[in-house]
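Peer 1:
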Amino acid sequence: MTDVVLPCRNEAPALPGLLARIPAGYRPIVVDNGSTDDSAEVAHAHGAEVISVADPGYGAAVHAGVLAADPADGVVCVMDADGSFDPAQLPRLAGCVLSGQAQLATGRRRPVGRGVWPLHARAANAVLAHRLRRTTGLDVHDIGPMRAVRRDDLLALGLRDRRFGYPLELLIAADRAGWRVVEIDVDYHPRAAGTRSKVTGTLLGTARAVRDMSAVLAR
Numbered sequence: 001m002t003d004v005v006l007p008c009r010n011e012a013p014a015l016p017g018l019l020a021r022i023p024a025g026y027r028p029i030v031v032d033n034g035s036t037d038d039s040a041e042v043a044h045a046h047g048a049e050v051i052s053v054a055d056p057g058y059g060a061a062v063h064a065g066v067l068a069a070d071p072a073d074g075v076v077c078v079m080d081a082d083g084s085f086d087p088a089q090l091p092r093l094a095g096c097v098l099s100g101q102a103q104l105a106t107g108r109r110r111p112v113g114r115g116v117w118p119l120h121a122r123a124a125n126a127v128l129a130h131r132l133r134r135t136t137g138l139d140v141h142d143i144g145p146m147r148a149v150r151r152d153d154l155l156a157l158g159l160r161d162r163r164f165g166y167p168l169e170l171l172i173a174a175d176r177a178g179w180r181v182v183e184i185d186v187d188y189h190p191r192a193a194g195t196r197s198k199v200t201g202t203l204l205g206t207a208r209a210v211r212d213m214s215a216v217l218a219r
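Here's what the structure looks like:
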């Protein structure tokens with residue numbers, strides 16, 4: 001069994017369809033990070049383990065989910081809960097780690113249509129990824145929110161960021177630790193109707209993410 005951590009804030013409309021597509025052998029852990037809708041109830045009703053995290057922030061939610069994952073399972077996946085990713089592609093990432101091809105497999109978003117990835121968000125991601133390539137030995141092009149890694153290896157990195165800088169800190173720490181990192185193309189779909197991105201959906205959200213990630217790069 002492979003655990004899938006799904007950080008979640010007000011994603012109730014997306015959860016039924018998303019959880020129904022989780023592949024066999026993968027166990028969803030929905031981490032409710034201060035939702036004001038019925039995300040937790042919907043997730044529980046559709047068979048997910050649900051934990052709640054009071055501290056705000058993407059990194060706080062992911063970290064809590066990783067701690068809740070079963071150590072015996074070894075590999076843990078992380079994926080957004082907004083319906084923009086296809087869970088059927090998780091085994092491609094997890095397989096790279098299970099086979100020893102990589103210690104970290106991360107997704108590179110490939111939009112399935114026009115307008116899926118707003119220009120301001122795509123541009124910010126490209127700038128951050130370029131800066132990352134310049135300062136590390138990693139050949140990555142996306143600070144992607146879909147990844148697979150061994151649970152104990154991830155915790156041993158001692159990541160500290162609890163906000164939007166978490167994915168970037170992970171990549172930097174993986175490079176410093178000498179990990180093999182692979183980037184795999186994954187489909188990027190429109191978010192489920194009735195949900196709204198905390199990052200790509202607004203200029204302010206994107207600016208906050210860039211601020212958090214820039215602070216990580218400056219360390």
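In UniProt numbering, the protein residues as written are 1 to 219. We treat Cβ as the ideally placed atom computed from N, Cα and C, and that holds for glycine.
1. According to DSSP, is SER39 helix, strand or coil?
2. Are the segment 181-188 and the segment 80-90 touching, with three or more C-beta to C-beta distances below 8 Å?
3. List the residues that DSSP assigns as beta-bridge partners of SER52.
4. Indicate the three-state DSSP secondary structure (helix, strand or coil) for ARG147 in the structure shown.
5. Looking only at its chain, what residues have a beta carbon closer than 6 Å to the beta carbon of GLY74, apart from the 5 residues adjacent to it on each side?
6. Around the C-beta of VAL21, are 16 or more other C-beta atoms found within 10 angstroms, so that it is buried, or is it exposed?
7. Would you give the residue range spanned by the alpha helix (DSSP H) that ASP175 belongs to?
8. Counting C-beta neighbours from all protein chains within 10 Å, is the total for THR2 16 or more, i.e. buried, or is it exposed?
9. Please report the straight-line C-alpha distance between GLN101 and ASN33, rounded to a whole angstrom.
Peer 2: Quick look at the numbers:
1. By 1-based counting over the sequence shown, the position of residue 39 is 39. Taken through DSSP and simplified to helix, strand or coil, SER39 comes out as helix.
2. Yes, the segment 181-188 is in contact with the segment 80-90.
3. By one-based count along the sequence shown, residue 52 stands at place 52. In the DSSP output, where bridge partners are listed per residue, SER52 has ASP32.
4. Position 147 of the sequence shown holds residue 147. Three-state result, ARG147: strand.
5. Taking the sequence shown and counting its residues from 1, the one referred to as residue 74 is at position 74. Closer than 6 Å at the Cβ level, and outside the excluded window around GLY74, lie ARG150.
6. If you number the sequence shown from 1, residue 21 lands on position 21. A small correction: the amino acid at residue 21 is Arg; Val does not occupy that position in the sequence shown. Label assigned to ARG21: exposed.
7. Taking the first residue of the sequence shown as position 1, residue 175 is located at position 175. DSSP places ASP175 in the uninterrupted alpha helix (DSSP H) bounded by 166-176.
8. As a position in the sequence shown, residue 2 is number 2, starting the count at 1. By the 10 Å Cβ count, THR2 comes out buried.
9. Locating residue 101 in the sequence shown gives position 101, where the first residue counts as 1. Locating residue 33 in the sequence shown gives position 33, where the first residue counts as 1. Straight-line Cα distance between these residues: approximately 33 Å.
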